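S.K.: One structure, as structure tokens, below. Some questions next.
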Amino acid sequence: MQHYCGALGKILSISNKELDEMSLFAMLHDIGKVGINDAILQKPSALTDAEWLEMRKHPEIGFRIAQNNIDLAPISEYILAHHERWDGKGYPRGLKGEEIPILARILAVVDAFDAMTNERIYSKPRSHEAAAEEILRCAGSQFDPQIAQIFVSRVLGM
């Protein structure tokens, strides 16, 4: 994930400081999952509504962890925003469009690609082509359309 995030960040001309933050953020964006029950994290089937509500707390847990660490505090807002959606239907704050920090918008695309192309307890991996198609299909709703397009065309070369 760090490689893809860094490549996308360079294409988008984010600052060197933001590139450094992006690298740390890519590694630690899900740090809040330490506060989620392992039974939920490792469940091989669909989550119940209650389990889903619990899982949705991880960005806020991660934010609090990062806020309390001098080295992680600069990425705390990104951790909080990494499940926001371009159309405003994300969580936890329902941010929309450019209200979402650019590093969180970059990570959203890369994290989705990573989730789709690697085996998970709950799903088998998709091909890079199928994942790229899904990223483009969700551009403008889930993802920043410009970032999604650049990721697929310039980072993946498709």
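In our numbering, the protein residues as written are 46 to 203.
All C-beta atoms in this analysis are idealised placements derived from N, C-alpha and C, irrespective of residue type, glycine included.
Only a predicted model underlies this, so the values are computations on that prediction, with no experimental measurement involved.
#1: Using the beta-carbon count (16 or more within 10 Å), is Met161 buried or exposed?
#2: May I ask you to list the residues that DSSP assigns as paired with Phe188?
#3: Whole-angstrom Cβ separation of Ala111 and Ile120, contact assumed at under 8 angstroms?
#4: Hey, out of Leu152, Gly54 and Asn61, whose CA is closest to Phe70's CA?
#5: Hey, quick one: how far does the alpha helix (DSSP H) through Pro104 stretch, first residue to last?
#6: What are the partner residues of Ser68, as DSSP defines its beta bridges?
#7: Whose C-beta lies closer than 7 angstroms to the C-beta of Asp189 among residues of the same chain, with five residues either side of it excluded?
#8: Distance, Cα to Cα, Ile147 vs His128?
M.R.: According to the structure data:
#1: buried
#2: Ala184
#3: 6 angstroms
#4: Leu152
#5: His103 to Gln112
#6: Beta-bridge pairing links Ser68 to no other residue.
#7: Trp131 and Arg150
#8: 13 angstroms
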